């Protein structure tokens, strides 16, 4: 019985430590996000792309997609600004754990199992700008498809930083009915290759 009580106390203590740790990360990221309108712009784009791709009339589809040019540029610019702003944060505050679940203060306990979230944001910013600028001259429907994936992956990364990869996977599936693997396969090759290198630790400084 004593062992059960000790385990229960330890579990409760871990819960509170994890909650406090995650709250600090939410506050940190939220502080920077508050300077932008990313959530509103991303909602406009993802809903708009879904509506446009469902259009049977190709000319109407093109009309709808053309309406989002200004918002696309705003999102690309703001994500780059967010990535630049996070560069000013101390490295120990911007590590993200590679384990599926949240290990509070993993950056201090097992730093080899963490990666720099600041580098990941730069990957998202570069990848999104690449698709927005469209140097490959993708058709509008394909471009919208890739842009949606870029936005979903960026959102997944933010949830991962604040909570855990498992929570981020679940939110992605619940909100957009798509898996993390499918999103990763759907972003641009530039984003996917950089993201995988980041995961492997190849881009760590």
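Residue numbers (the working numbering): 21 to 225.
Cβ coordinates follow ideal geometry from the N, Cα and C atoms, glycine included.
Keep in mind that this is a model prediction, so the values were computed, not measured.
Self-check item: From 23, 92, 34 and 79, residue whose alpha carbon lies closest to that of residue 166
Solution: As a first step, residue 166 must be located in the chain shown, where it is residue number 146. Closest option to residue 166, Cα to Cα, is 92.
Quiz item: What residues in its chain sit with their C-beta under 6 Å from that of residue 115, if we drop five residues either side in the sequence?
Solution: Within the chain shown, residue 115 is the residue found at index 95, counting from 1. Correct list, in chain order: 127 and 134.
Quiz item: Just checking my contact of residue 178 with residue 65 at CB under 8 Å: how many whole Å lie between their CB atoms?
Solution: Position 158 of the chain shown, counting from 1, holds the residue named residue 178. Position 45 of the chain shown, counting from 1, holds the residue named residue 65. With 8 Å as the limit, residue 178 and residue 65 do not qualify as a contact, their Cβ atoms being about 16 Å apart.
Quiz item: Within this structure, are the beta carbons of residue 172 and residue 196 separated by less than 8 Å?
Solution: Along the chain shown, read from residue 1 onward, the residue named residue 172 stands at position 152. Along the chain shown, read from residue 1 onward, the residue named residue 196 stands at position 176. Cβ atoms of residue 172 and residue 196: closer than 8 Å.
Quiz item: Exposed or buried, which one is residue 186 when buried takes at least 16 other CB atoms within 10 Å?
Solution: Working through the chain shown from its first residue, we reach residue 186 at position 166. It counts as exposed.
Self-check item: Beta-carbon spacing of residue 106, residue 164 below 8 Å
Solution: One-based indexing of the chain shown puts residue 106 at position 86. One-based indexing of the chain shown puts residue 164 at position 144. Going by C-beta atoms, residue 106 is not nearer than 8 Å to residue 164.
Quiz item: Contact check, residue 181 vs residue 45 under 8 Å by CB: the rounded distance?
Solution: Residue numbering aside, residue 181 sits at position 161 when the chain shown is read from its first letter. Residue numbering aside, residue 45 sits at position 25 when the chain shown is read from its first letter. About 6 Å; that satisfies the 8 Å criterion.
Practice problem: Could you tell me which residues DSSP puts in a beta bridge with residue 135? | Solution: Here residue 135 refers to the residue found at position 115 of the chain shown. According to DSSP, residue pairing for residue 135 in a beta bridge involves 116.
Quiz prompt | Through-space distance from residue 169 to residue 207, alpha-carbon basis | solution = The residue labelled residue 207 in the question sits at position 187 within the chain shown. The residue labelled residue 169 in the question sits at position 149 within the chain shown. Their Cα atoms are separated by approximately 5 Å.
Quiz item: DSSP state of residue 46, grouped into three classes?
Solution: Taking the first residue of the chain shown as 1, we reach residue 46 at position 26. Note: residue 46 maps to helix in three-state DSSP.
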